[in-house]
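The listed protein sequences correspond, in order, to chains L and D. Number 164 in the numbering used here belongs to position 161 of the first sequence; there are no gaps in the numbering. Number 43 in the numbering used here belongs to position 20 of the second sequence; there are no gaps in the numbering. Working notes for the structure below.
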Amino acid sequence: MDYESILSKRVQNMKPSGIRKFFDLAATMDGVISLGVGEPDFSTPWSIRKEAIDVLERRKIVYTANSGLAQLRESVAKYLTKKIHVDYNPEHEIIITVGGSEAIDIAIRGLINPKDEVLIVEPSFVCYSPIVEMASGVAVPIATKQENKFKLTAQELKEKITDKTKLLILPFPNNPTGAIMTREDLEPIAEVLHGTDIMILSDEIYSEMTYTGKHCSIAELDGMRERTIIVNGFSKAFAMTGWRLGYLCAPAPVTEQLVKIHQYIIMSSPTISQYAAITALESCDHEVERMVKEYNIRRRYLVEAFNRIGMTCFSPEGAFYVFPSIQCTGMSSEEFCEKLLEEEKVAVVPGNAFGESGEGFVRISYAYSLRHLMEAVGKITKFLERHGAI
Amino acid sequence: MNELLHLLKTNARLTNAQLADMLGKTEQEISTEIQRLESKGVIRGYTAIINEELTKTTEVEALIELRVTPKKDCGFDDIAKTIMMYDEVESVCLMSGMYDLALTVKGESLKDVAMFVSQRLSAMEGVLATATHFVLKRYKEKGIFIEDDEFDERSLVW
């Protein structure tokens, strides 16, 4: 069969994720030390797992309401009030989704008409542009810079706004840079958006992982809640990646439309995960705090270590990545990653996988034990020495 | 707990430079703090966690439960302190529950340990009863897996 002519042109034109090839190569090698994954190394806290076991034993595992278990939506509302001081009505303004990923998908599909422009702060997670393109929208990257600690500035935003701009995707704390936006950083952004019809998709999946102060959501700022869709989830904060559970919060007229997409493509999010997530939100503060403390130790270690060996690295204040520059090697991001894998069997992710502005950097995850990180740093140091970069 | 102690408990061989990086302090501050903790007696020592099965040692280890009569005025301290003087005794803890003291004892052979219990411990004044449990295999010690490295189930996705 001539699959090429059969399959959707749009899907065929979709770029495969930039690092797939690289990861496939790493997977064929033995003894690779990876700094590549973007999920916690901690196990899901036991109380959450126990709740899931109890649910399996006691309950029928049936569909929940389309927008999610009422009790879970109430817990999400309480959690957000506590964390970001923004109130959402659990009945009409919260949808429980299959991971943050589905929340991003339905938010974009629910907003975009053909040719609408979507501003995507880059470097950032890889899914935004493909989803925008699937929805016939136009992805417009906004490159952030290391000298600004990879924060979005009002000037950069203004330059990209046109009369077709529909949506701004604001992914902070950021994967891959570890950048955060404080209230002071967000205020000028809010000022630019005031009085426009531009919506915001605020991807706050790493909101629990901040190291220099509490996370601030743009929805907290005057006049922003009405235009903001908050995306968050359980994967990173509670080490629940495989449970596939996230949520989105937005004003009722928005969720009323988005829940239709969710209803048709998903029906309802995984029931066992939803029950367990109530436990996560209501009784795991201590476990989250312990994980964040541990991440912070690793973060400080890596920043110092990379700066010392000449891979200059701004101090990331969120998520669990450092994003050092590889300028000292004179190599491109991909060249660096391929050689490092070949020669030292250490896998890191090329920065340009997260947008062109990530060229010249690599993403290093610290969702690994200190022992593992120290071993990897030793090997990277050897690599730099061999290539005359130190 | 103090983050420095937490790190040293997971790996006592971290250098002062590494500890300084991890805790956002200078090497000098770390070295001063460690000296302070040592001189105050907070840090009592540093040790290694060893998989004995990979060494040539034939030592055996036993967990011993002891029921004893507390002494007037000094409770269990007196007998615990006497017991801990034996080189064979690795650890001594006062317990709540069915028995009073829990010891770990090491010896060259099963017989060695058995003799120590019957001749030294049982004979001691105030000891009412003993129960000896030999350690057959050690899986985890001080948070560290003895045989296997933890397997990373995560695949390279993102």
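Every residue gets a Cβ at the ideal spot worked out from N, C-alpha and C, and that includes glycine.
Look at residue 177/D here: in three-state DSSP terms it is coil, with no helix or strand label. An exposed status is given to residue 215/L, since fewer than 16 other beta-carbon atoms sit within 10 Å of its beta-carbon. Straight across, the Cα-Cα distance linking residue 197/L with residue 255/L is about 20 Å.
Straight through space, the alpha carbons of residue 355/L and residue 81/L are spaced by roughly 38 Å. Counting every other CB atom within 10 Å of its CB across the protein chains shown gives residue 118/L a total below 16, marking it as exposed.
The DSSP assignment places complete alpha helix (DSSP H) segments of no fewer than 4 residues inside the stretch 154 to 198 of chain L at 157 to 163 and 186 to 196, in order along the chain. Counting every other CB atom within 10 Å of its CB across the protein chains shown gives residue 252/L a total of 16 or more, marking it as buried. DSSP links residue 143/L through a beta bridge to 122/L. CA-CA distance, residue 249/L to residue 101/L, rounds to 6 Å.
Taking a Cβ-Cβ cut-off of 8 Å, the neighbours of residue 300/L in chain D comprise 26, 30, 45 and 46, given in sequence order. Residue environment analysis places residue 242/L among the buried positions, since at least 16 neighbouring C-beta atoms fall within 10 angstroms of its C-beta.
Within chain L, the residues 373 and 374 have their CB atoms less than 8 Å from the CB of residue 34/D, given in chain order.
Residue range 133 to 138 is occupied by the alpha helix (DSSP H) that includes residue 138/D.
Separation of residue 312/L and residue 384/L (C-alpha to C-alpha, rounded to the nearest whole angstrom) is 7 Å.
Rounded to the nearest whole angstrom, the C-alpha separation of residue 217/L and residue 210/L is 8 Å. Within the stretch 10 to 43 of chain L, 26, 29, 30, 37, 39, 40, 41 and 42 place their CB atoms closer than 7 Å to a CB of chain D, listed in sequence order. Between residue 125/L and residue 357/L, the C-beta gap is smaller than 8 Å, which places the two residues in contact. DSSP places residue 250/L in the uninterrupted beta strand (DSSP E) bounded by 249 to 252. The three-state secondary structure of residue 329/L, taken from DSSP, is coil.
DSSP places residue 47/L outside both helix and strand once states are collapsed to three, so it counts as coil. With respect to the C-alpha of residue 160/L, the residue from 321/L, 361/L, 123/L and 234/L having the closest C-alpha is 123/L.
Around the beta carbon of residue 19/L, a 10 Å sphere encloses fewer than 16 other beta carbons of the protein chains shown; the residue is thus reported as exposed. About 7 Å separates the beta carbon of residue 206/L from that of residue 107/L, a gap short enough to meet the 8 Å contact definition. Residues 328, 329, 330, 336 and 354 of the same chain have their beta carbon placed closer than 7 Å to that of residue 363/L, with the five preceding and five following residues left out of the count. Annotation for residue 103/L: the continuous alpha helix (DSSP H) segment containing it runs 102 to 114. In this structure, residue 131/D and residue 81/D form a Cβ contact; the two beta carbons are roughly 7 Å apart against a cut-off of 8 Å. Against chain L, the beta carbon of residue 142/D has no neighbour under 7 Å; the closest one sits roughly 44 Å away.
The beta carbons of residue 128/L and residue 174/L sit about 6 Å from each other, so the pair counts as a contact at 8 Å. The beta carbon of residue 110/L sits closer than 7 Å to those of 204, 232, 234, 251 and 261, all from its chain and outside the five residues before and after it, given in chain order.
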